[in-house]
Amino acid sequence: METNYDALIQASADELFSKMEQKESAEDMARLRDAFEFAREAHLPQKRKSGEPYIIHPVSVARIVAEELELGPDPVIAAFLHDVVEDTSYTIDDIRERFGDEVAFLVGVVTKEKKAKYVQSKQIDNFRQILASMQYDVRALLIKLADRLHNMRTLSSMRADKQMKIAGETDYFYAPLANRLGLYHVKSELENLSFRYRCPREYTLLEKLLREEFEREDSNIKAFTSKIERLLSEKGIVARTEVRYRKPYSIWMKMNSRGCDFAHIDTKYYVRVIYQNIEPWSEKDTSLRIYSVLTDAFKERPGSVSNYIDAPKENGYQSFQVKLLNDKGKWEELHISSERMVRNGRLGCAAERTDENIQAWLNKFNELLKEVADQDEGLDFMDDVTSSFYYDDIMVFTPKGRGIILPKGATALDFAFEIHSRIGEHAQYARINGKLSSVKTVLKRGDCVEIGTDPEVEPQRDWLKHVLTYKARKFIGSYLSRKSGCCFERCPHCHPLPGDEVIGFQQENGTIHIHKRNCQTAIRIASQQGDSIVAVNFDESCDCLYPVRISVTAIDRYHLLSDLVECITEKLHLSMRGLRTETADNIGVCTIDFAVHSMGELQTAMDSIAAIPGVDEVQRIDVE
Numbered sequence: 021m022e023t024n025y026d027a028l029i030q031a032s033a034d035e036l037f038s039k040m041e042q043k044e045s046a047e048d049m050a051r052l053r054d055a056f057e058f059a060r061e062a063h064l065p066q067k068r069k070s071g072e073p074y075i076i077h078p079v080s081v082a083r084i085v086a087e088e089l090e091l092g093p094d095p096v097i098a099a100f101l102h103d104v105v106e107d108t109s110y111t112i113d114d115i116r117e118r119f120g121d122e123v124a125f126l127v128g129v130v131t132k133e134k135k136a137k138y139v140q141s142k143q144i145d146n147f148r149q150i151l152a153s154m155q156y157d158v159r160a161l162l163i164k165l166a167d168r169l170h171n172m173r174t175l176s177s178m179r180a181d182k183q184m185k186i187a188g189e190t191d192y193f194y195a196p197l198a199n200r201l202g203l204y205h206v207k208s209e210l211e212n213l214s215f216r217y218r219c220p221r222e223y224t225l226l227e228k229l230l231r232e233e234f235e236r237e238d239s240n241i242k243a244f245t246s247k248i249e250r251l252l253s254e255k256g257i258v259a260r261t262e263v264r265y266r267k268p269y270s271i272w273m274k275m276n277s278r279g280c281d282f283a284h285i286d287t288k289y290y291v292r293v294i295y296q297n298i299e300p301w302s303e304k305d306t307s308l309r310i311y312s313v314l315t316d317a318f319k320e321r322p323g324s325v326s327n328y329i330d331a332p333k334e335n336g337y338q339s340f341q342v343k344l345l346n347d348k349g350k351w352e353e354l355h356i357s358s359e360r361m362v363r364n365g366r367l368g369c370a371a372e373r374t375d376e377n378i379q380a381w382l383n384k385f386n387e388l389l390k391e392v393a394d395q396d397e398g399l400d401f402m403d404d405v406t407s408s409f410y411y412d413d414i415m416v417f418t419p420k421g422r423g424i425i426l427p428k429g430a431t432a433l434d435f436a437f438e439i440h441s442r443i444g445e446h447a448q449y450a451r452i453n454g455k456l457s458s459v460k461t462v463l464k465r466g467d468c469v470e471i472g473t474d475p476e477v478e479p480q481r482d483w484l485k486h487v488l489t490y491k492a493r494k495f496i497g498s499y500l501s502r503k504s505g506c507c508f509e510r511c512p513h514c515h516p517l518p519g520d521e522v523i524g525f526q527q528e529n530g531t532i533h534i535h536k537r538n539c540q541t542a543i544r545i546a547s548q549q550g551d552s553i554v555a556v557n558f559d560e561s562c563d564c565l566y567p568v569r570i571s572v573t574a575i576d577r578y579h580l581l582s583d584l585v586e587c588i589t590e591k592l593h594l595s596m597r598g599l600r601t602e603t604a605d606n607i608g609v610c611t612i613d614f615a616v617h618s619m620g621e622l623q624t625a626m627d628s629i630a631a632i633p634g635v636d637e638v639q640r641i642d643v644e
């Protein structure tokens, strides 16, 4: 049966118009309908990669702008028209004449500039163009995010290499941008969709494990939330609960940051307690009252309270968080928020759209961009910008008082490369506030840093573990690459093995860098240099062994170490290169170094070790 696209498109547009009629004037509604008809006619001959009429995309973007971001008529009109200038014969002047200056500006911002030669790359120049609009109107960024969100929701129709390229751009630029603008739900969905296409095997596995977990816990969760609602109702507090399940990407990030497997992640969901809107000045009192009622009935986990009402997160998120022990003996994560906080957490900078609030967002954003631009307008500019969207910044100083802005967690090595690549290359030691220190020392806000150099010192692979900034990582990686002279290199961050989902990037000198598809370095490179992606046959070879390291957590017992050694050397016939153990209170942690031919061989080894009596967890960890 052939799909009646015309009817579906009209129905989707009519649904949008029906919702907007409730709050917009007849004049604005006429302009909205005119924009829809104009866009439909302009895109009439065009098809999407899926074979659908192209107009489906602008209509979907307009609905995101109107319904999910709750913007007004002009941004919705611009969303209908956002691809008209880029993909048809119509010009910005045509848009201006028919729909006015404001709509023309918004369309112009989201229209990619066509150049014979790009300053850095097509992607980077596009990112710069988007950011430049920030000083004029934040709504342009919101339309671009809506455009990217719908593209990610419909990415399945693209080729695998295009999926990786677009997913890389999303992880690198659009998700951090959404975070900076306070659009947490957009950020979360973009990250998860990107992960789905970058690492389909891992995504599918985590999705399955989460679904099974939710099915097992459903009755316990319902019992916990029902008790909360009853307790609050008895105290005359009007509130509702909702369960927010974390996405596969969020779980994957927690597994990697904590160095544990799925079974040992204890925050796979959280419970929201949402109370009715009241005056903002009394929200804290209400949150504390709910906290008091619930901690009278449930045991509170010591040190679990986080007050984001008095001190909102950088993106504007507010709530009062605590962990409580449910009746089944399990810690439950609880977020106490007002309806206003929930809405603002969803809409971010678009939530409370007074002229004063919008200008405050603009000033804050532009100040951040200026700080980054002041220190570097070269190739590292975009990397510094995007990292600042996620990380808090610190300012440290040279002995002469020059301020250097670095991401929180940066080291003296990052500082050295920010000063000059030559200083970073030969960095031997640091003096931090006059105290002799390692160049790997993490810096704090306000530190005064002096770098000592030695011409005999050269970058080591270990340095990559102790730098955050792109400038430092890029120089060290390039130096090591030049020194090795190899035409085929594994990423020093993610250490891919044959059998991993990998991606390759062709360098100008012919070298192919291989990364895991979930590697943050690969994501960054794909977002900037998507055209350098090449197919890689990273197959297992009997001549190639790769060093790996695992961590084994087990209940200590007699013969545990000998069983581990026997499993690796006798059963699996693998060459063990190192074994270190630490035991405390009958819990032993063993770090084992050995070599494998492939990811499959490593997984077999980990499964065999996990089956040894007393072993609780086996986890792969980084190794040079």
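Position in the sequence shown counted from 1, then plus 20, gives you my numbering. Glycine residues also receive a C-beta, built at the ideal position from the N, C-alpha and C atoms. Quick caveat: nothing in here was measured; it's all calculated off a predicted structure.
Excluding sequence positions up to five before and after residue 278, its CB lies within less than 8 Å of the CB of 284, 285, all in the same chain and listed in chain order.
Membership of residue 482 in any alpha helix (DSSP H) is not indicated, and neither H nor E is assigned to it by DSSP.
The residue from 498, 446, 462, 471 with its alpha-carbon nearest to that of residue 420 is 471.
Nearest to residue 66 by alpha-carbon distance, out of 104, 92, 249, 81, is 104.
Annotation for residue 99: 81, 82, 85, 163 place their beta carbon closer than 6 Å to its own, counting only its chain and skipping 5 residues before and after.
Excluding its 5 nearest sequence neighbours in each direction, residue 258 has C-beta neighbours in its own chain below 6 Å: 296, listed in chain order. Residue state for residue 509 is assigned as strand, using DSSP reduced to three classes. In this model, residue 554 and residue 513 are separated by some 20 Å (Cα to Cα).
In this chain, the beta strand (DSSP E) harbouring residue 526 covers 522–526. Bridge partners of residue 415 according to DSSP: 425. Exclusion of the five residues before and after residue 323 leaves no residue of its chain whose Cβ lies closer than 6 Å to its Cβ. Contact fails between the stretch 102–117 and the stretch 172–185, because fewer than three Cβ pairs, one in each stretch, are under 8 Å apart. With contact defined as three or more Cβ pairs closer than 8 Å, the stretch 424–433 and the stretch 478–497 are in contact.
Of all C-beta pairs linking the stretch 588–601 to the stretch 609–621, three or more are shorter than 8 Å, placing the two stretches in contact.
Annotation for residue 584: 572, 599, 610, 612, 629, 632 place their beta carbon closer than 8 Å to its own, counting only its chain and skipping 5 residues before and after. Our two residues, residue 365 and residue 202, have alpha carbons roughly 7 Å apart in a direct line. Residue 32 and residue 79 have their alpha carbons spaced roughly 7 Å apart. With respect to the 8 Å criterion, residue 75 and residue 55 are not classified as neighbours on the basis of their beta carbons. Note on residue 195: 16 or more other CB atoms within 10 angstroms of its CB, so buried under the neighbour-count rule. Look at residue 639 here: in three-state DSSP terms it is strand. Counting only runs of 4 or more residues that sit fully inside the stretch 313–367, the alpha helix (DSSP H) segments are 359–367, in chain order. Under the DSSP assignment, residue 38 falls in the alpha helix (DSSP H) whose first and last residues are 25–40. Shown here, residue 514 sits in coil according to DSSP, grouped into three states, outside any helix or strand. Partner residues in the beta bridge of residue 613, as assigned by DSSP, are 569, 598. Contact check for residue 229 against residue 317 fails: the beta carbons are separated by 8 Å or more.
The continuous stretches of alpha helix (DSSP H) do not include residue 66, and DSSP gives it neither H nor E.
Comparing alpha-carbon positions, the option among 534, 69, 564, 566 lying closest to residue 552 turns out to be 534. The C-beta distance from residue 119 to residue 51 rounds to 7 Å, short enough to meet the 8 Å contact threshold. Straight-line measurement puts the Cα of residue 618 at about 9 Å from the Cα of residue 516.
By the neighbour-count criterion, in which 16 or more other beta carbons inside 10 Å mark a residue as buried, residue 415 falls on the exposed side. Straight through space, the alpha carbons of residue 222 and residue 559 are spaced by roughly 19 Å.
When DSSP states are grouped into helix, strand and coil, residue 549 belongs to the coil group. Membership of residue 448 in the beta strand (DSSP E) is indicated by the continuous run 447–452.
The DSSP-derived three-state label of residue 455 is strand. A distance below 8 Å separates the beta carbons of residue 622 and residue 568.
Residue 470 is bridged by DSSP to 451.
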